[in-house]
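Read through the structure below, which is laid out as structure tokens, and then see the notes.
2 protein chains.
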Amino acid sequence: MLLADLGPLAVTGTDRSVCYLERMPTRKGTDTRDTILAIAHRHALRQGFAAASLEGILTEAGVTKGAFFHHFKSKGELAHALVERYARGELQLLEEITARAEKLSRDPLQQVLLIIGLFDEFLDNQGAPPDGCLFASFCYQDELFSDELRQMAAETMLAWRKALSGKLRAAADRHGARVPFNPDTVADMFTTMLEGAFVVARTLNAPHLLKEQLLEYRNHIELLFDRE
Amino acid sequence: MLLADLGPLAVTGTDRSVCYLERMPTRKGTDTRDTILAIAHRHALRQGFAAASLEGILTEAGVTKGAFFHHFKSKGELAHALVERYARGELQLLEEITARAEKLSRDPLQQVLLIIGLFDEFLDNQGAPPDGCLFASFCYQDELFSDELRQMAAETMLAWRKALSGKLRAAADRHGARVPFNPDTVADMFTTMLEGAFVVARTLNAPHLLKEQLLEYRNHIELLFDRE
DNA sequence: GTTGGCATACCGACCGGTATGTCAGAAACC
DNA sequence: GGTTTCTGACATACCGGTCGGTATGCCAAC
């Protein structure tokens, strides 16, 4: 999934972050921080976070080591900030999309189909097709990091499950499904399909695969409920 | 995807009764080589290949650095051997399963459903649930390796696509589908679902998710063709 | 309105640890 | 005695992280 641009939000685990939000330091500071995060995000997706060297990231960001360690206590803290930022973006995207879907229709089945459609639109509106999920990138290196990162990723995925499965259950109650199904499983299929599509699209060098799979998932929902 | 057990992966023991394919220099030699490959495979899945240190692998394998560099020219060659071995296993699994499915039924739709079922059986027969796909692990680090590795992974995935899409097309011709569909896309959904399920199952710490998604994929096929 | 104090932001040489890779040769087996 | 297999000290390079120092802006005191 792609990170929605979070804008200038400085975040650290310490209470100093509060000062960032309220006092608005020199603008240059958060700029540097954001630049580092953005470049590090790309490097983590293409090389894996562990293998991405600070020097490589900082060179590309045009930032020195001193500047980096002024903003981050360690490389581990960078990982934390990276995942946190990404998770926040994903959750925000979910909220936005479900809110719009709920405005556009009262029917839970239509809402699910709208969520898929709006997500599809979102992909179109991004300039380039997204090239991976940061969670997946970390998940194949998890032994190197704390369980906290995994937790953040899990919470994000569970939020999508919750949103979709609730509507699917309501849809089944209202319309009756063609065959019985487990709402959680069908909801999880969304995340599963996305994560898998990133991997397969990259391996086959076929960026269009992502949208194809997304639409096939929509087909699945429609077939489950006998909608055209 | 899961590595098909390649058979004689004698790990620690000195089981020399097993006959290796063709080339076999000295038994002890291939034993060491296979041990290294097996351990490296596990490390690559849990830490990412780039971040997995030779020392860690070799310590666990009970092998010295000299022994390693006797068998592999470099760490890069280890990556190559690892991916090649994995790809070979996957292709072999595909062949076995399709051959069995084709024996069990002449109907292409039934064959597809059988392939899914046999794959499910295969998962059951593995002792532990598989914990990832080596291709996926490498795919999020691809900038570090040659395009050759990606190619090998791609060929494997395309083989699965080819096998499934051919049968799906034949099934559509014979039975007519409930709604039109692209056989390649539906075939790719198998790989996509698997790859995604690995990522999500690991992130949510929910190994059962893999089988759930597999069965949901089977549901999709059945719904496409109006069976049951 | 100049001065001095202080905080933020940043610089970059340097350090210790660890990674991959080398090599001369020993051990085992034909 | 030649080949295969393995040993382990060593070379070298790079990585994360440290640290003393600089630049700039703000503010209060004089």
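In the order they appear, the protein sequences are chains H and S.
Just so we're aligned, residue 1 is where the first sequence starts under my numbering, counting upward by one.
Just so we're aligned, residue 1 is where the second sequence starts under my numbering, counting upward by one.
Glycine included, C-beta positions come from ideal geometry on N, C-alpha and C.
Quick caveat: nothing in here was measured; it's all calculated off a predicted structure.
Three-state class that DSSP yields for residue i in the structure shown
i      : result
S:P108 : helix
S:V63  : coil
H:V179 : coil
H:Q47  : helix
H:S165 : helix
S:F145 : coil
H:S137 : helix
H:D31  : helix
H:F225 : helix
S:A52  : coil
S:F68  : helix
S:H220 : helix
Whole-angstrom distance between residue j and residue i, CA atom to CA atom
i      : j      : result
H:L118 : S:A136 : 27 Å
S:F229 : S:G48  : The shown model of chain S, from 1 to 228, leaves out residue 229 of chain S, and the question about it has no answer.
S:T98  : S:T156 : 14 Å
S:P130 : S:L123 : 8 Å
H:R27  : H:H70  : Confidence is the limiting factor: at H:R27 the pLDDT is only 40, short of 50, which leaves the residue's position unreliable and the question unanswerable from this model.
S:K167 : S:E102 : 10 Å
S:D109 : S:A170 : Note on residue identity: the sequence assigns Leu, not Asp, to residue 109 of chain S. Whole-angstrom Cα-Cα distance: 8 Å.
S:A172 : H:L223 : 16 Å
S:S146 : S:C139 : 11 Å
H:R106 : H:F181 : 22 Å
H:T191 : S:E95  : 29 Å
S:A79  : S:E55  : 15 Å
H:E60  : H:D34  : 13 Å
H:E216 : S:V186 : 7 Å
H:L113 : S:G196 : 21 Å
H:S53  : H:L149 : 19 Å
S:T32  : H:K75  : 36 Å
S:R42  : S:I57  : 9 Å
S:L134 : H:L104 : 42 Å
S:E22  : S:A201 : Any reading at S:E22 must be qualified, since the residue scores a pLDDT of 28, below 50, and its modelled position is unreliable; the value itself is stated next. Going from the Cα of S:E22 to the Cα of S:A201 covers about 38 Å.
S:V63  : S:A153 : 29 Å
S:I221 : H:I221 : 12 Å
S:A50  : S:E212 : 32 Å
H:E77  : H:D184 : 33 Å
H:R88  : S:K65  : 44 Å
S:Q111 : S:M193 : 19 Å
S:Q151 : S:S165 : 20 Å
S:G176 : S:N205 : 40 Å
S:T39  : H:A40  : The amino acid occupying residue 39 of chain S in the given sequence is Ile; Thr does not appear at that position. Cα to Cα, the separation comes out at about 30 Å.
H:D226 : S:I116 : 24 Å
S:V199 : H:N219 : 23 Å
H:K73  : S:P207 : 35 Å
S:R100 : S:T203 : 34 Å
S:Y86  : S:N125 : 18 Å
Supposed close pair residue i, residue j - CB separation, criterion 8 Å
i      : j      : result
S:L37  : S:L82  : 6 Å
H:R161 : H:D188 : 6 Å
S:G127 : S:L45  : With a Cβ gap of about 16 Å, S:G127 and S:L45 do not count as contacting.
H:A159 : H:L91  : 6 Å
S:L214 : S:D120 : 6 Å
beta-carbon residue i near the ligand FMN non-hydrogen atom, thresh 7 Å
i     : result
H:Q92 : Ligands displayed in this structure: none; no statement on the ligand FMN is therefore possible.
By the 9 Å beta-carbon criterion, what residues does the stretch 68 to 84 of chain H contribute toward chain S?
Answer set for the stretch 68 to 84 of chain H: empty.
Taking any Cβ of chain S, which residues in the stretch 123 to 136 of chain H have a Cβ under 9 Å from it, in chain order?
Shown in chain order are the members of the stretch 123 to 136 of chain H whose Cβ falls below 9 Å from a Cβ of chain S: G132, C133, F135 and A136.
What are the residues of the stretch 150 to 180 of chain S that lie near chain H, defined by any Cβ-Cβ distance shorter than 8 Å?
Correct list: R150, A153, A154, M157, L158, R178 and V179.
Could you name each continuous alpha helix (DSSP H) segment of 4 residues or more that falls completely within the stretch 170 to 214 of chain H, going from the start of the chain to the end?
With a minimum length of 4 residues, the continuous alpha helix (DSSP H) runs that stay inside the stretch 170 to 214 of chain H are 183 to 204.
With 8 Å as the limit, tell me which residues of the stretch 49 to 68 of chain S have their beta carbon closer than that to any beta carbon of chain H; keep them in chain order.
Under the 8 Å Cβ criterion, the stretch 49 to 68 of chain S contributes A50 and A51.
Uninterrupted alpha helix (DSSP H) stretches inside the stretch 74 to 134 of chain H (no shorter than 4 residues):
The alpha helix (DSSP H) runs of length 4 or more contained entirely in the stretch 74 to 134 of chain H are, from start to end of the chain, 75 to 104 and 108 to 125.
Got a sec: which bits of the stretch 179 to 195 of chain S sit with their beta carbon under 9 Å from any beta carbon on chain H, in order along the chain?
Listed in chain order, the positions of the stretch 179 to 195 of chain S with a beta carbon within less than 9 Å of a beta carbon of chain H are V179, F181, N182, D184, T185, V186, D188, M189, T191, T192, M193, L194 and E195.
Interfacial residues, the stretch 207 to 219 of chain H to chain S, with Cβ spacing under 9 Å
Taking 9 Å as the Cβ-Cβ cut-off against chain S, the residues of the stretch 207 to 219 of chain H that qualify are L209, E212, Q213, L215, E216, Y217 and N219.
Could you please tell me which residues of the stretch 103 to 115 of chain H, in chain order, have their CB closer than 9 Å to any CB of chain S?
The residues in question: there are none.
With 9 Å as the C-beta to C-beta threshold (strictly closer), list the residues of the stretch 28 to 47 of chain H near chain S in chain order.
The stretch 28 to 47 of chain H vs chain S, Cβ under 9 Å: H43, A44, L45, R46 and Q47.
Please list, in chain order, the residues of the stretch 86 to 104 of chain S that have any C-beta partner in chain H closer than 9 Å.
Per Cβ criterion, the list is empty.
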